[in-house]
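Visitor: Could you have a look at this structure, given as structure tokens, before my questions?
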Amino acid sequence: MVDFLRFMGWPFATCLILAGIHAYLGIHVIRRQVIFVDLALAQIAALGAVMALVMGYGTESLFSYGLSLAFTVAGAAIFALTRHQKQRIPQEAVIGIVYAVSAALLILILGRFGEGDEHMREALVGNLLLVTPAEVIKIALIYAAVGALHWLLRKKFFLITERPEESFKTLNVRWWDFVFYVSFGVVVTSSVKIAGVLVVFAYLIVPSACAVLFADSMKARLAIGWLVAALVSVLGIAASYFLDLPTGPALVCVFGLTLALLAIFRKSMHSV
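To get the working numbering, take the position in the sequence shown, counting from 1, and add 43.
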């Protein structure tokens with residue numbers, strides 16, 4: 044147990060921090076029906092980091108982080124500007140196109156590097172085992188700042204999320220969408236660097252999807268989402284350590300299994 048805490052303590056702390064912010068953001072994402080926005084922004088952030096690599100900067104450099112964030116802000120602007128009260132092209136289609144193009148560019152660029160496969164793997168599942176205390180503290184502070192911003196602007200964000208038709212009558216929806224997606228992008232840029240695209244997506248969507256199965260109110264959904272994310276963090280980290288599995292893929296698989304089991308449990312409850 045001592046060895047487990049020594050080797051997995053900081054990765055576990057990172058997972059809990061990811062759970063806190065992503066489970067909340069996931070509620071917005073599911074209600075807005077922009078499920079793949081996280082994947083798209085995460086892919087854009089990864090593309091920014093790879094571009095920094097091409098320019099001769101290491102993936103851990105401040106320039107790399109700044110370029111990833113700049114790419115993500117550009118993605119946020121695209122998603123905000125393509126939001127209309129009556130969508131001729133569904134926004135999810137726009138998000139999917141941005142994701143596909145970003146992923147294709149990433150593959151093309153990494154294909155020219157001798158270590159391209161390794162960079163691709165890190166972009167997808169990260170490397171939680173190498174997280175440092177300084178990185179954990181940094182993302183905790185960043186996410187706390189984003190959380191504070193969302194608390195201050197919660198009425199506007201939830202109005203757009205819960206009552207989109209009404210929000211177009213009283214708010215500049217494109218502007219507030221831009222603010223929302225930029226804050227989202229700040230979180231994703233920091234998360235992807237540590238955990239990878241797939242792990243970040245799992246933390247965003249699965250806890251919120253589980254919450255939607257069992258609750259209707261926002262407070263109840265948040266509570267269930269945080270509980271599921273924390274539980275999966277424990278199980279995923281433990282499975283990674285005791286079964287000698289890669290941490291990122293182990294977490295994603297445990298998330299998928301948890302959602303499947305909860306869906307079966309809910310169906311069995313309603314069939315009784």
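Yeah, the Cβ is synthetic: ideal placement off N, Cα and C, and Gly gets one too.
1) Could you pull out every unbroken alpha helix (DSSP H) segment of at least 4 residues lying fully inside the region 166-214, listed in chain order?
2) Out of curiosity, what's the CA-to-CA distance linking VAL275 and ILE138?
3) Would you identify the three-state DSSP class for TYR100, choosing helix, strand or coil?
4) Could you spell out where the alpha helix (DSSP H) holding ASP220 opens and where it closes?
5) Are three or more beta carbon pairs between the region 224-236 and the region 248-256 nearer than 8 Å?
6) Sort TYR224, GLU103, ALA188, LEU124 by Cα distance to VAL174 and report the nearest one.
7) Take HIS72 as the anchor and find which of ILE132, GLU205, GLY63 has the nearest alpha-carbon.
8) Taking the alpha carbon of ALA95 as the reference point, which residue from PHE55, SER111, LEU84 has its own alpha carbon closest?
9) Spell out a yes or no on whether the region 191-200 and the region 80-89 are touching, meaning 3 or more CB-CB pairs, one atom from each, closer than 8 Å.
10) Going by the beta-carbon positions, is the gap between GLY91 and THR115 smaller than 8 Å?
11) To the nearest angstrom, report how far apart GLU208 and GLN76 are at their CA atoms.
12) Should LEU61 be listed as close to the ligand SAM, given that the test is whether its C-beta is under 7 Å from any heavy atom?
13) On the DSSP letters alone, give me the boundaries of the alpha helix (DSSP H) that THR115 sits inside.
14) Return the residue from the list PHE221, LEU195, LYS181, ALA303 that minimises the CA-CA distance to PHE61.
15) Could you tell me if LEU195 is buried or exposed, where buried requires 16 or more neighbouring beta carbons within 10 angstroms of its beta carbon?
16) What is the DSSP secondary structure of LEU300, counted as helix, strand or coil?
17) Which residues in the same chain have their Cβ closer than 7 Å to the Cβ of ILE267, if we skip the five residues on either side of it in sequence?
18) Let's test the definition: count the other Cβ atoms within 10 Å of the Cβ of PHE298 and tell me whether it reaches 16, buried, or not, exposed.
19) Hey, quick one: how far does the alpha helix (DSSP H) through GLU141 stretch, first residue to last?
20) Whose C-beta lies closer than 8 Å to the C-beta of ILE203 among residues of the same chain, with five residues either side of it excluded?
21) Return the first residue and the last residue of the alpha helix (DSSP H) that VAL271 is part of.
22) Going by C-alpha to C-alpha distance, which of LEU278, TYR100, VAL249, SER283 sits closest to TYR67?
23) Quick one, are the C-beta atoms of ILE78 and GLU135 less than 8 Å apart?
Guide: Put simply:
1) 176-195, 197-205, 207-213
2) Residue 275 sits at position 232 when you count from the first residue of the sequence shown. Residue 138 sits at position 95 when you count from the first residue of the sequence shown. If I take the Cα positions, the gap works out to 28 Å.
3) Taking the sequence shown and counting its residues from 1, one reaches residue 100 at position 57. DSSP places TYR100 in coil when its eight states are reduced to three.
4) Here residue 220 refers to the residue found at position 177 of the sequence shown. It spans 216-238 - the alpha helix (DSSP H) in which ASP220 sits, taken as one unbroken run.
5) no
6) What you label residue 174 is simply residue 131 of the sequence shown in a count that begins at 1. Closest by alpha carbon: GLU103.
7) Taking the sequence shown and counting its residues from 1, one reaches residue 72 at position 29. Reading off the sequence shown, one finds Val at residue 72, where the question assumed His. Nearest C-alpha to VAL72: GLU205.
8) As a first step, residue 95 is located in the sequence shown; it is residue number 52 there, counting from the start. For ALA95, the nearest C-alpha among the options comes from SER111.
9) no
10) Working through the sequence shown from its first residue, we reach residue 91 at position 48. Working through the sequence shown from its first residue, we reach residue 115 at position 72. Yes.
11) Here residue 208 refers to the residue found at position 165 when the sequence shown is read from its first residue. Here residue 76 refers to the residue found at position 33 when the sequence shown is read from its first residue. Taking the straight line joining both Cα atoms gives about 14 Å.
12) No copy of the ligand SAM occurs in the structure displayed, which carries no ligand at all.
13) Against the sequence shown, residue 115 aligns to sequence position 72. It spans 105-124 - the alpha helix (DSSP H) in which THR115 sits, taken as one unbroken run.
14) Taking the sequence shown and counting its residues from 1, one reaches residue 61 at position 18. Just to set this straight, residue 61 is Leu in the shown sequence, not Phe. Comparing Cα-Cα distances from LEU61 to each of PHE221, LEU195, LYS181, ALA303, the minimum goes to LYS181.
15) Numbered from its first residue, the sequence shown carries residue 195 at position 152. It counts as exposed.
16) Residue 300 sits at position 257 when you count from the first residue of the sequence shown. Helix.
17) Reading the sequence shown from its first residue, position 224 is the one you call residue 267. Hits under 7 Å: CYS253, ALA254, PHE257, ALA258.
18) As a first step, residue 298 must be located in the sequence shown, where it is residue number 255. Buried.
19) As a first step, residue 141 is located in the sequence shown; it is residue number 98 there, counting from the start. It should be pointed out that residue 141 corresponds to Val in this sequence rather than to Glu. Per DSSP, the unbroken alpha helix (DSSP H) holding VAL141 starts and ends at 134-153.
20) Along the sequence shown, read from residue 1 onward, the residue named residue 203 stands at position 160. Around ILE203: ARG75, SER210, LEU214, VAL216, TRP219, ASP220, PHE223.
21) Translated into positions along the sequence shown, residue 271 becomes position 228. Start and end: 261-285.
22) Taking the sequence shown and counting its residues from 1, one reaches residue 67 at position 24. Looking at the Cα atoms, VAL249 is the closest of the given residues.
23) In the sequence shown, residue 78 corresponds to position 35, counting from 1. In the sequence shown, residue 135 corresponds to position 92, counting from 1. In this structure, GLU135 lies closer than 8 Å to ILE78 by Cβ.
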